[in-house]
Each structure stands twice: as C-alpha cells, then as structure tokens.
Amino acid sequence: MPITFSNVFYTYNPKTPLENAALNGVDLTIEDGSFTAIVGRTGSGKSTMVQMINALLSPSQGEVVVNEFINAADKKKRTKKLYKVRGQVGLVFQFPEYQLFADTVEKDVAFAPKNFGLKEEEALEEAHKALREVGLDESFDKRSPFELSGGEKRRVAIAGILAFHPNILVVDEPTAGLDPRGAFQMMELFEKVHKAGTTVILVTHDMNIVLRYADRVLVVDNGKIVRSSDPETLFFEDIEKYSLETPLLYSFVKGLSKRGFPLDPGKIHDVDSLAAEIAAKKGDKR
Amino acid sequence: MKFSLGRYVPYDSLIHRIDPRAKLLAILFLMICIFFPYQSWAMTFAVDGAIFLLLVVLLYMTRTKIVDILRSLKSLWFMIIFLLLIYCLIPTTEPTFPLAFEVAAWNWRVYWDSFLQAAKILLRLMMMIELTMVLTSSTKPLDLTFALEWYMTPLKVIHFPAHEIAMIISIAIRFIPTLLEDTSRIMKSQESRGVSFSHGRISKRVVSLTSLIIPLFVSAFMRSDELANAMECRGYDPRGNRTRYRLLKAKWYDWVFLLFCAAVFGVLLWFSIDPRFNALLLFPAEVH
Ligand SMILES: Nc1ncnc2c1ncn2[C@@H]1O[C@H](COP(=O)(O)OP(=O)(O)O)[C@@H](O)[C@H]1O
Ligand SMILES: [Mg+2]
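These protein sequence lines map, in sequence, to chains A and B. Residue 1469 in our numbering sits at position 168 of the first sequence; the count goes up by one each step and never skips. Residue 1265 in our numbering sits at position 194 of the second sequence; the count goes up by one each step and never skips.
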C-alpha cells in the first residue's frame, strides 16, 4: 500500500512562546517500490515529515497512512499499537552513528531484529548478513563500535536498520559528511535494497544523487510540498528559488542549449544518454 | 520536548529588562521578607497577604500564565498532607483558638492553631516557589550567572575562584537544552529500532535504558572534549583578565525596583522587630 499524507500540519512546542509550525498542510503519495527523493532547504520540514512515517511524531492536524497503519491527529482514528509500524518502516536518522551502544558491532546490529521478535541466533545471523551487505567483513563483527571510523560507524548503524528487513526504508541525509567514494558506496547500497523491492525514501541535498537514483522527487519549502515530479522535468526548470542546485549534468545541458546546441532533456539521465544525444545531434547536422 | 517550569520565557516585560544583579538582590530581599516572624496571627496573615498581592503583580508583569503557576503548585499536594499531619501530631501547648477535635482515649487534642500553622507554612512555601519563578522565567540563565559572578568578584581577593565557578555554572546551564535535545534524538532513533521506553518487561526496560544512556554519555563526553579544545584554541585562560561583550549597566528602573524591594524589606523587618507592630491585633488568648 502506498504512503499518503493528507493535509498534515505539525507544530513544535504548541501554545508556548517557542511555538514553531514545521509543517503547513502536506499532501503527498509515495508509491510502493518507488525511490523517492525529498529535497528542500534546511529547516523546511523534511526531517519532521519523515518522522511521521515512522509514528515518532503524530500530526497536529490531518493524517498519515502507511500500509495498514493510520497516524492521525485525531486519537480515535489512530491505529491501536501504532508503534508496530516501526517493524515495517526502517528510519535511518541523520548522523545515525550516535545511536550505537552495544559492546560489539554484531550485537548492536542484532538489536533491532531482536526487538522485533527474532531469537538471539536468528538476529545474529541477520546481523552478519546486513554487515556483509554494507561492506564490513567478518573482522568487524566482534569489535567495539566505538573504535571504528566515522564512515564505518555509519555503515554499522545502517546495517542495524537493514537487518530487520523493513519494506519501507527512510534515510535522512545519509551521505552528509562522507567522502565521495563512501557516499557512492552508500548510494549503491540503497539502490541494491531498492532493486530488491523495498520502497526507498531519501532526504538529501545532493541533486546529482537525486538525478541518478530517484524516480520521483518532492520539493519541500516552508512546510509544504511545492513540487512533485520526476527529476528530469524538475531539474530543467529554474530551481534556484527553492535553494536547490542544478545537477552537473543538467547545468552542462542547459549551458549547451544557451550556446545554440539544444538537447532534449527528457532523454538525458546520465552521461551515456547525454553522449548518445550529442552524437545523434551531430549526425543530424552533418 | 515538554515546556518545563521555571524556564526562561523570552518576553519583553519590564521585569525582563531589569538588570540581573539588581533583580537577584531584590528577589533575595523579598524572599527573606517571606520568613519574618510576627507575634500575632493577624499580622502574620496580613503581611503574608500583602506580599502575596505583590507577587501576583510581579507574576502578572512577567506574563506568566495561570496554568503554569498552577502546574508549579501541583507538587505541593503531598506537602499539604504532610504538613497537616505533622502539625496535628505536634501538641499545641498554648492554644489561641478553640479545639478542632480530640481523641480523648489517646489524650490527643488538635486545636485550630495547627491548621493555621500548616496554612502559614504552605502559603510561604508557595510564595517561595512563585518568587523563584519570577526570577528564572524573566532572566536568562547566563545573565543570572553574570550576576552571581559579579557578586562573587570581591571574594577573588581571598583567591576564591569566582570566575571559574561562574564559568562552570554557565556551561552547565548552556548545555541543558543540548542534552535534552540529544536525549530526544537518541530516544527516537532507538524507538525506530523497536525499543519502547514506556512499556515492557523490567529486563527489557533495563536494556532500553542502556541503549539511551550509553550514546548520551558518548555524545556528552565528545561535546565536552570539543568544547575544551575550542576554548583552548581561543586562548582561554581562567585566570586571564577579560573584557565582556555584553556590559551590564544599571539603569534608573533597576534602582527603582531594587530600592522598592529594599524598602519593603526594611519596613517588614521593622514590623517584625518592633513590638508595637508585630503584636498588632493580638487575640486575647495570644497574650501570655
Ligand atoms: N525538536 C524540535 N523542537 C522544536 N523545533 C524543531 C525541532 N525539530 C525541528 N524543529 C523546527 O522545525 C522546522 C523544521 O525542521 P526539520 O524538519 O528538522 O527541517 P529539515 O530536516 O528540512 O532541515 C525548523 O524550523 C526547525 O527549527
Ligand atoms: Mg533534517
């Protein structure tokens, strides 16, 4: 079942001087099996939005439906034992490396599967599989998570979520602070998880990543969804007004168009298709 | 995060604008006033009532909400019962008022005095709480530590580490919201991993708690390390002479407020000492 937000509002610290309206009427649908990117400037409400998918926050108004779970502002409409939705939605917070606590890496990764009802051995088995998936070999299993490097810690934290096989994976700025290679590996991992049938929701500031991996992009501004489209269409428009940066590939195409070499943006997704388009164009002229 | 009591509330009232040094001293004056003894019941309640009215005005001026005040008094329920019990158990030797009830078999007599005593203490406790609230809800914690440091400065002559103490207090205060934020963030990430902090078996809850406390400690230590480095990089030396970015400067209304509170203090002190006033309106039975 898809994820839907209907007219969702959220206010932090309501009825105090620190009142802060973070979401102002969000409407959206995220299809099963899609790879959706959520973009927008800092403070626009992205993290608040994704925490509702996981029922960590409940709307002040409106409702969020995830699979068979209803997270509504109205307590009567809310599903009982709403927290069970967390077994289906894996949420990886920004800087997840700060959530590690166990004395060995494998125990930390096995923590979530155990909480969701697996037995000790099964959980450990899932933990080992998840660790291999994120690219950490057996030598890491028995080490303390606190002596790892920042990038490795983050991979352990992500393995800790993948280990219980959520059918929806939500990741909040997973590549922030990683080196380009680490970021690439991280994204390839999410791509693999997505290919295996998981719905992936990715919050990011990197438009190159959005263009490369996402099939749908939602632009959030000031607590509202201001655009919802496929990346190609969005990036060919003027997106500076949302504080978004045009991906490299598209600035290149736009630059070429300006200099009298127009290309059809709908056909360009990556370097290969760009090369093909240019070749085709040159062929025409000859 | 829930809005906690006594926390600084950023309004712009007259009370908010008063110099923290003047405010601290003035509130201290009022606080002492609350506990002056008087001989007659009539004077006790008349003066307490007057201070109470003054407090209401101050609370109104700081724009404290009624619900916040009521919430701050909620925990007093236990005190009420406890005080009543204590005062009923302590025998009154020279009662002013008639007998309230008696259990002849245990030779136990309770006079109305006991209830009045309990009421007096309760009223005074309540006023203490509200007075503290006036101070803390209208003064930024950092300003309060500035004020404390200012008052402690003369003690530097005897090598009292006034600046260090003030620095420690202000850092601690500065990091309370940060730690609360960390706590809520870590709780949320562990809840995403299937932890429930509110229900479950005891053994499970212990694990839940360690999954919160360990990351919290790790991040607190990391922060303190970073802070220490950052301070050293900027050449922090606790013994150094330093100027201040925000200079506190007393204005006329600081003096007015301070003098007013000092006057209240003076008058009430006089009332409490001078037998012509503190025994005003004595009940006949109060004359021994
Ligand atoms: N725990 C919180 N308490 C109060 N305000 C918050 C809290 N978390 C976020 N906010 C505020 O809500 C708004 C949206 O924040 P957030 O959802 O984190 O944005 P984003 O993830 O897009 O940067 C911001 O104005 C932020 O200051
Ligand atoms: Mg965010």
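A virtual CB, placed ideally from N, CA and C, is assigned to each residue, including glycine. Remember, it's a predicted structure, so these values are computed and weren't measured experimentally.
The beta carbon of residue 1286 of chain B is closer than 6 Å to those of 1257 in its chain, skipping five residues each way along the sequence.
Remark: the shortest separation between the CB of residue 1348 of chain A and any heavy atom of ligand 2 falls under 7 Å. Not one heavy atom of ligand 1 is found less than 7 Å from the C-beta of residue 1458 of chain A. In its chain, beyond the 5 residues on either side, 1086, 1087, 1133 have a beta carbon closer than 6 Å to the beta carbon of residue 1209 of chain B. Put simply, the backbone Cα of residue 1166 of chain B is about 56 Å away from that of residue 1283 of chain B.
Within chain A, no C-beta atom comes nearer than 8 Å to that of residue 1173 of chain B; the closest sits roughly 50 Å away. Secondary structure in the region 1189-1252 of chain B: the alpha helix (DSSP H) runs of 4 residues or longer, each lying completely within the stretch, are 1212-1223 in chain order. By the rule that beta-carbons nearer than 8 Å mark a contact, residue 1343 of chain B does not touch chain A. Here the distance from the Cβ of residue 1400 of chain A to the nearest heavy atom of ligand 2 is not below 7 Å. Look at residue 1262 of chain B: its C-beta is under 8 Å from a C-beta on chain A.
Residue contact with chain B for residue 1413 of chain A: present (Cβ-Cβ distance below 8 Å to some residue of chain B). Nearest to residue 1545 of chain A by alpha-carbon distance, out of A:1443, A:1527, A:1379, is A:1527.
For chain A, none of the residues of the region 1309-1325 of chain B brings a beta carbon within less than 8 Å of one of its beta carbons.
Of the other Cβ atoms in all chains shown, fewer than 16 fall within 10 Å of the Cβ of residue 1149 of chain B; this residue is therefore exposed. Under the Cβ criterion of 8 Å, residue 1400 of chain A is counted among the residues facing chain B.
Checking the 7 Å criterion, the Cβ of residue 1389 of chain A is out of range of every heavy atom belonging to ligand 2. Partner residues in the beta bridge of residue 1322 of chain A, as assigned by DSSP, are A:1312. Looking at the DSSP output, residue 1490 of chain A bridges to nothing. Residue 1327 of chain A is bridged by DSSP to A:1309. Of all residues in the region 1364-1390 of chain A, only 1384, 1387, 1388 come within less than 7 Å of chain B when Cβ atoms are compared, listed by chain position. By the Cβ neighbour-count rule, residue 1495 of chain A is buried, with 16 or more other Cβ atoms within 10 Å of its own. Contact note: residue 1355 of chain A reaches chain B through 1263, using a C-beta cutoff of 7 Å and chain order. Cβ neighbours of residue 1198 of chain B within its own chain (closer than 8 Å, five residues either side excluded): 1105, 1119, 1122, 1123, 1126. Three or more Cβ pairs closer than 8 Å define a contact, and the region 1312-1332 of chain A meets that threshold against the region 1517-1527 of chain A. Contact annotation: the region 1340-1349 of chain A does not touch the region 1361-1374 of chain A, with fewer than three C-beta pairs closer than 8 Å. Flagged as an interface residue toward chain A: residue 1286 of chain B, by a C-beta distance shorter than 8 Å. Straight through space, the alpha carbons of residue 1224 of chain B and residue 1230 of chain B are spaced by roughly 10 Å. Not flagged as an interface residue toward chain B: residue 1478 of chain A, since no C-beta distance is shorter than 8 Å. Inter-segment contact for the region 1417-1434 of chain A and the region 1456-1475 of chain A is present: three or more beta-carbon pairs are separated by less than 8 Å. Taking every protein chain shown into account, the CB of residue 1450 of chain A has fewer than 16 other CB atoms within 10 angstroms, so this residue is exposed.
Between the region 1348-1357 of chain A and the region 1498-1517 of chain A there are three or more C-beta pairs closer than 8 Å, enough to call the two in contact.
Within the chosen limit of 7 Å, ligand 2 reaches the beta carbon of residue 1395 of chain A through at least one heavy atom.
At least one heavy atom of ligand 2 falls within 7 Å of the beta-carbon of residue 1473 of chain A.
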